[in-house]
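Number of protein chains: 2
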Amino acid sequence: MFEALQAMAEPTRFTILQLVRKSEMSAGEIAGNFKGLTRPAVSQHIGVLKKAGLLVERRAGTSRIYRIRPQGFAGLKILLEDFWDPRLEKLKAAAEKEEKRRKS
Amino acid sequence: MFEALQAMAEPTRFTILQLVRKSEMSAGEIAGNFKGLTRPAVSQHIGVLKKAGLLVERRAGTSRIYRIRPQGFAGLKILLEDFWDPRLEKLKAAAEKEEKRRKS
DNA sequence: GACTTACGTAAGTGTCAACTTAAATATAAG
DNA sequence: CTTATATTTAAGTTGACACTTACGTAAGTC
């Protein structure tokens, strides 16, 4: 979970995520978007993202196609919510309590 | 915004954020929670978090007291939601359909 | 089998950031 | 002004990691 946070907090890797977010892409297509960076370098970054659970791989012929793995971001979202405005949290909690009470 | 992401993606700094989240703390109190780490080291981390907009400082006598700055996390939340978009779900579904078709 | 395409992996290197110790700064109190 | 306390800033060291080039691997084509 923290591994995912570390993985995406690197400029090249973050760019990869933004690219793949729009539509799944092959490793070669991803690497094509980076000039001044070799293909192995990009491949290594993809490996980190995959290990962190932010990307999934699928093979098609000699190509490997990657897409976002939304579940990998779910945990991060929860992690961040802990730092959200306490006043909002209280409001939210109160609203949910109210909701429960109303249902019973 | 990305600076904030990088700032919190470091174990010591993330721990600092978790500590201060509960209640504001002085630099000394924060440093007291880390054994095997000098005060200057912690101070430098605090500096990074402050610069990234995740902490705010307030002075009281010789002490400097820090607390979370929720606005600093707001942008990050939005950033993450870009990867948790309903459109992604559609993409995933389409990809799975494609996968099935390819296999048959 | 030989070749090509599309990748990943291995091994080595250079840079940067997380640390250290030492010195500086700010506020308070005698 | 001197001393004490709380903390940052300066300067220098070192290990991790983002790169490179070279090699390995897997699938497709002739």
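The listed protein sequences derive, respectively, from chains S and D. Here this note's numbering is used: the first residue of the first sequence is 1, the next is one more, and so on. Here this note's numbering is used: the first residue of the second sequence is 105, the next is one more, and so on. All residues carry an ideal CB built from backbone N, CA and C; glycine is no exception. Note that the structure is predicted; figures quoted are calculated from it, not measured.
Please tell me whether, using a cut-off of 7 Å, the distance from the CB of residue i to the nearest non-hydrogen atom of the ligand FAD is below it.
| i | result |
| --- | --- |
| LEU158/D | In terms of ligand content, the structure shown is empty, and the ligand FAD therefore cannot be addressed. |
Would you kindly work out how many angstroms separate the C-alpha atoms of residue i and residue j, rounded to a whole number?
| i | j | result |
| --- | --- | --- |
| THR15/S | SER130/D | 37 Å |
| GLY47/S | LEU55/S | 9 Å |
| ILE68/S | ARG168/D | 42 Å |
| THR38/S | LEU183/D | 27 Å |
| VAL146/D | GLY61/S | 51 Å |
| THR12/S | GLU29/S | 14 Å |
| ARG162/D | GLU128/D | 10 Å |
| GLN110/D | GLN6/S | 8 Å |
| LYS181/D | GLY140/D | 33 Å |
| HIS45/S | GLY72/S | 16 Å |
| LYS84/S | ASN33/S | Checking the displayed sequence, the identity of residue 84/S turns out to be Trp instead of Lys. Using only the alpha carbons, I get a separation of about 35 Å. |
| ASP186/D | PRO144/D | 37 Å |
| PRO70/S | ARG125/D | 27 Å |
| ARG31/S | TYR170/D | Here residue 31/S is Ala; the residue named in the question, Arg, does not match the sequence. Taking the straight line joining both Cα atoms gives about 42 Å. |
Would you mind giving the Cβ-Cβ distance between residue i and residue j, rounded to the nearest angstrom? I have them listed as a contact below 8 Å.
| i | j | result |
| --- | --- | --- |
| GLU107/D | ALA156/D | 5 Å |
| LEU121/D | LEU153/D | 7 Å |
| GLY179/D | MET105/D | 4 Å |
According to DSSP, simplified to helix, strand and coil, what is residue i?
| i | result |
| --- | --- |
| LEU159/D | strand |
| ARG173/D | coil |
| MET129/D | strand |
| ALA60/S | strand |
| GLY36/S | coil |
| MET8/S | helix |
| PHE83/S | coil |
| THR15/S | helix |
Residues of the region 29 to 48 of chain S whose Cβ lies closer than 9 Å to any Cβ of chain D, in chain order: none
Taking only beta carbons into account, state which residues of the region 165 to 183 of chain D come closer than 7 Å to chain S, listed in chain order. ILE172, PRO174, PHE177, LEU180, LYS181
Short of 9 Å Cβ to Cβ, which residues in the region 106 to 137 of chain D face chain S? If you check each beta-carbon in the region 106 to 137 of chain D against every beta-carbon of chain S, the ones closer than 9 Å belong to PHE106, LEU109, GLN110, ALA111, MET112, ALA113, GLU114, PRO115, PHE118, LEU121, GLN122, ARG125.
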